[in-house]
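What follows is a set of notes on a single structure, which appears directly below.
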Amino acid sequence: MGILERITKNVDNKYWYPENDTFPVKNRYTAGVAGQKFFQELKDNGKIYGTTCAACKLTFVPAKLFCEQCFAELDDWVDVGTTGILWSWTIAYKNKDDSKKETPTLLAAIRLADGLLVHWLGECSPEDVEIGMPVTAVFKDPGEREGSLLDIGHFKPVIS
Amino acid sequence: MDHKEFIRGGTALSEDEIKSGKIFVEEDALDCRYAWDTGVAIGRYLAELKKGKIIAKKTNCCDRIMIPPRMFCELCYRPSGAWTYVQDTGVVNTFSISNIYYDASRVPSGEPNPMPAVIEIDGASKGMGIMHLLGEVKPEDVKIGMKVKAVWKPESERTGSITDIEYFKPY
Amino acid sequence: MRKVAVVGAGMTKFARRALETPKELSYQASKAALDSAGMKLKDIDCVAHGSAPDAFDGIHQKGEYLADGCGGWNKPTMRVFVGGATGVHAIAHGWYHVASGLADTCLVVCEEKMSSAMPHAQAFFLTIFDAITERALGLNLIWIFALEMKRYMERYGYTKEDMALSAMKNKNQGLKHPASQFYGGNELTVEDILNSEVMASPVSRLDVSPVSDGAAAIVLASERTARRLTDKPVWIEGVGWCLDTAYWATRDLYYPRYTEIAARKAYKMAGIREPHKEINIAEPYDPFGYKQLHHMEGLLLSPKGKTVELLRDGHFDMDGNLPMCPSGGLLGVGNPIAAAGTLKLCELFWQLRGEAGERQVPGNPRLGVAQAWGDLMQVSSVVVMGINNA
Numbered sequence: 335m336g337i338l339e340r341i342t343k344n345v346d347n348k349y350w351y352p353e354n355d356t357f358p359v360k361n362r363y364t365a366g367v368a369g370q371k372f373f374q375e376l377k378d379n380g381k382i383y384g385t386t387c388a389a390c391k392l393t394f395v396p397a398k399l400f401c402e403q404c405f406a407e408l409d410d411w412v413d414v415g416t417t418g419i420l421w422s423w424t425i426a427y428k429n430k431d432d433s434k435k436e437t438p439t440l441l442a443a444i445r446l447a448d449g450l451l452v453h454w455l456g457e458c459s460p461e462d463v464e465i466g467m468p469v470t471a472v473f474k475d476p477g478e479r480e481g482s483l484l485d486i487g488h489f490k491p492v493i494s
Numbered sequence: 012m013d014h015k016e017f018i019r020g021g022t023a024l025s026e027d028e029i030k031s032g033k034i035f036v037e038e039d040a041l042d043c044r045y046a047w048d049t050g051v052a053i054g055r056y057l058a059e060l061k062k063g064k065i066i067a068k069k070t071n072c073c074d075r076i077m078i079p080p081r082m083f084c085e086l087c088y089r090p091s092g093a094w095t096y097v098q099d100t101g102v103v104n105t106f107s108i109s110n111i112y113y114d115a116s117r118v119p120s121g122e123p124n125p126m127p128a129v130i131e132i133d134g135a136s137k138g139m140g141i142m143h144l145l146g147e148v149k150p151e152d153v154k155i156g157m158k159v160k161a162v163w164k165p166e167s168e169r170t171g172s173i174t175d176i177e178y179f180k181p182y
Numbered sequence: 045m046r047k048v049a050v051v052g053a054g055m056t057k058f059a060r061r062a063l064e065t066p067k068e069l070s071y072q073a074s075k076a077a078l079d080s081a082g083m084k085l086k087d088i089d090c091v092a093h094g095s096a097p098d099a100f101d102g103i104h105q106k107g108e109y110l111a112d113g114c115g116g117w118n119k120p121t122m123r124v125f126v127g128g129a130t131g132v133h134a135i136a137h138g139w140y141h142v143a144s145g146l147a148d149t150c151l152v153v154c155e156e157k158m159s160s161a162m163p164h165a166q167a168f169f170l171t172i173f174d175a176i177t178e179r180a181l182g183l184n185l186i187w188i189f190a191l192e193m194k195r196y197m198e199r200y201g202y203t204k205e206d207m208a209l210s211a212m213k214n215k216n217q218g219l220k221h222p223a224s225q226f227y228g229g230n231e232l233t234v235e236d237i238l239n240s241e242v243m244a245s246p247v248s249r250l251d252v253s254p255v256s257d258g259a260a261a262i263v264l265a266s267e268r269t270a271r272r273l274t275d276k277p278v279w280i281e282g283v284g285w286c287l288d289t290a291y292w293a294t295r296d297l298y299y300p301r302y303t304e305i306a307a308r309k310a311y312k313m314a315g316i317r318e319p320h321k322e323i324n325i326a327e328p329y330d331p332f333g334y335k336q337l338h339h340m341e342g343l344l345l346s347p348k349g350k351t352v353e354l355l356r357d358g359h360f361d362m363d364g365n366l367p368m369c370p371s372g373g374l375l376g377v378g379n380p381i382a383a384a385g386t387l388k389l390c391e392l393f394w395q396l397r398g399e400a401g402e403r404q405v406p407g408n409p410r411l412g413v414a415q416a417w418g419d420l421m422q423v424s425s426v427v428v429m430g431i432n433n434a
């Protein structure tokens, strides 16, 4: 049996497959104290903010309420710009359900201050991508933004 | 020192603040499904239910007749013994008349109230019960100690499930 | 085993829907607890963390996700989880770290964010039952607690009004807790509770504690460290826990024998022979009004079947012989599952140090017990805490 095939009825009573065949619940997540402000800036002003811990000399991106290393409450908000460094990347060929993507997607880990943001990489092909290259956020139009990480459509290489 | 100083945060939101979009939220639903191996004891239990019978298992150690059947006695931790049929009748140990479904949504007016109960099965050891539902009885007539009997689905509709018994009714 | 003291406690307010993320709630409670002990995160050797099903916060492997909010960055961090009993269980778990000599200090943090669960947290409980023999019946915890409540009432002839009286006591006491969802609100009457919507008879809406978001934390220290930090350490005198069979329908629900077994272990460690005479404050687990009475019997603090009589006589009042749930409990403050158990430990800490403000139990209480309960009505965790009054 292939890994994505499912048992869809009770077979000789050796398996039990519920009639209600999905997990009948969902979740709703708030962005949090720091997240609320972070996404407000993203949505209203197209800016990416971090919070700085002076004692540990770290700027967390996305902004955090507290420093995980010394437990200081952070309220030093810093605009870290919208361009970061490509830290690592991969190509996704398949969808979550194992089907093949029409166009492979580039997924990137982008260093912004001391933080790492995971996002899509666009407007380039795999042969253009190099670790260490600067990439910049391409925002959706202000009217389409909702206060979500997807207010950034993708990141693209900076061509200078 | 007063403890009030050390109660901080926990900022209350209203549903309206979320609905209006002022507070940013993400929604997601877990997209996964499961199939479970029934195991030896429960596999047989379900197969017998499909035939319209309730089967239990005896212990070798402490003289119990266990329902649902188990491959081991969880009290003495010894392998269990012989299979044995028990009756499809029992006694209501405790019950509830519910106005809500599992997700806390209200039962609409006119719809029957689910009546979950623990039913001590006749033939099993005293106090050995299963969780099931009651039917064909007015809520106000249900009593602890009431004798009840399984109402089976027609044989063709049984799938080897605890719901092959639709409910228990007084007899 | 070494002596272990509680040297700090802190918590967030409990809210129906909190703005904070689970990490942020954990941080706020942990930071408050550290501040109350006069400690920094670098003074902490390890973290004992408790949180109930992953499904509520909606993050699988929640322990790892929460670790930084619990102060676990680059430290030995462990999560325990026994459903509703988690909040007291986590302290027993933290106690081992310090009592064993492995650590001198341990931060114990419990958190739950139930508002993430849609449409209602109750729906998630469907998935804790046996997948094959029970889940198909579409049940939830309200249903099975209704079955237990019914059995308990039937056994002793207790009435709905008796149970409402129990709920009312905590709901009104909770109005005095600054962390309560109902802080400063209006008192309820027995009629209010009896007239509230029936959810699953005999359970009415106001018999049940509210769904909440929140976190609570305490700081544990070895004797030497504790004496350096404070002149009022609160000692952990005993811990115990026990799980009964998961075949919950095959045992009689009228009495929580697992609570008795857990309590006896904790009392033995604490050298307590007559708990009903020696204990000054009790914080039994009270997700429902009937549950705290049920648990008082299991904790051997009230004779079986006599608990309602004692309740009506004022025995469990703030100025009674054995004040019960001076915090207001889950019914009065809120029920963010794991954090609700830790709320009870925070309360003992504040009460025994005389810092409980307008909820302070009179007469310098010296010995308290807290208990929480969970899983399929099968587990209890018990902690006894005491102070050596000069």
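Protein sequences, first through last, are from chains A, B and C.
For the first sequence, the tail end lands on 494 under the working numbering, and the numbers increase by one without skipping.
For the second sequence, the tail end lands on 182 under the working numbering, and the numbers increase by one without skipping.
For the third sequence, the tail end lands on 434 under the working numbering, and the numbers increase by one without skipping.
Don't be surprised by glycine CBs; every beta carbon is placed ideally from N, CA and C.
Every value quoted in this text rests on a predicted model; they were computed, and no experiment measured them.
- With respect to the C-alpha of K220 of chain C, the residue from C:G401, C:P406, C:V124 having the closest C-alpha is C:G401.
- For the segment 28 to 72 of chain B, the continuous alpha helix (DSSP H) assignments of 4+ residues that do not extend past its boundaries occur at 50 to 61, in sequence order.
- Burial of E391 of chain C is indicated by the presence of at least 16 other C-beta atoms within 10 angstroms of its C-beta.
- The closest CA to that of P277 of chain C, considering only C:V352, C:F360, C:D361, C:R410, is found on C:R410.
- Residues of the segment 30 to 41 of chain B that bring their beta carbon within less than 8 Å of a beta carbon in chain A comprise G32, I34, F35, V36, E37, E38, D39, A40, L41, in sequence order.
- Looking at the DSSP output, H488 of chain A shares a beta bridge with A:V472.
- Beta bridge pairing from DSSP links M313 of chain C with no other residue.
- Bridge pairing for Q415 of chain C: C:V426 [DSSP].
- At the C-beta level, S160 of chain C and R123 of chain C stay beyond 8 Å of one another.
- In the DSSP secondary-structure assignment, E155 of chain C is bridged to C:A259.
- A direct Cα-Cα distance of roughly 6 Å separates E480 of chain A from K377 of chain A.
- For a cut-off of 8 Å, the C-beta gap from V427 of chain C to L287 of chain C is around 16 Å, too long to register as a contact.
- The CB of K15 of chain B comes closer than 7 Å to the CB of P222, G401 in chain C, given here in chain order.
- Going by C-alpha positions, A167 of chain C is about 17 Å away from V247 of chain C.
- Residues of the same chain with a CB within less than 6 Å of the CB of S109 of chain B, apart from the 5 flanking positions on each side, are N124, P125 in chain order.
- Not one beta carbon of chain B lies nearer than 8 Å to the beta carbon of K474 of chain A.
- In this model, I78 of chain B and Y302 of chain C are separated by some 21 Å (Cα to Cα).
- Distances from the CA of R19 of chain B to each of C:S70, C:R60, C:A49 were compared; the closest alpha carbon is that of C:S70.
- Going by C-alpha positions, A62 of chain C is about 18 Å away from C114 of chain C.
- Neighbours of Y363 of chain A across chain B, judged by C-beta separation under 8 Å: V36, E37, E38, D39.
- Looking at the backbone, the Cα of P331 of chain C and that of P319 of chain C are separated by about 23 Å.
- Following the DSSP letters along the chain, one finds I135 of chain C inside the alpha helix (DSSP H) bounded by residues 130 to 143.
- Judged by DSSP secondary structure, L185 of chain C falls within the alpha helix (DSSP H) whose first and last residues are 185 to 200.
- Going by C-alpha positions, S371 of chain C is about 17 Å away from L355 of chain C.
- Proximity of chain C to P127 of chain B at the Cβ level (cut-off 8 Å) is accounted for by L181, L183, W187, I188, A190, L191, A244, in chain order.
- Taking the Cα positions, V463 of chain A is about 40 Å away from I29 of chain B.
- Under a criterion of Cβ atoms nearer than 8 Å, the residues of chain A adjacent to K75 of chain C are, in order, F400, F405, E407.
- Short of 8 Å from the beta carbon of L343 of chain C, and not among the five residues preceding or following it, lie these beta carbons of its own chain, in chain order: T303, E304, A307, P319, A326, P328, V413, Q415, V426.
- Distance check between G430 of chain C and each of C:D251, C:E108, C:S346, C:E322 places C:E322 closest, using alpha-carbon atoms only.
- For the segment 435 to 456 of chain A, no residue has a beta-carbon sitting nearer than 9 Å to a beta-carbon of chain C.
- Flagged as an interface residue toward chain B: G481 of chain A, by a C-beta distance shorter than 8 Å.
- A143 of chain C places its beta carbon 8 Å or farther from that of V50 of chain C.
- The way I'd put it, the segment 123 to 142 of chain C doesn't touch the segment 236 to 245 of chain C; fewer than three beta-carbon pairs between them come closer than 8 Å.
- Contact holds between the segment 413 to 428 of chain A and the segment 449 to 469 of chain A, because three or more Cβ pairs, one in each stretch, are under 8 Å apart.
- With fewer than 16 other beta carbons inside 10 angstroms of its own, V492 of chain A counts as exposed.
- Of the residues assessed, P300 of chain C falls on the buried side of the cut-off, its CB having 16 or more other CB atoms within 10 angstroms.
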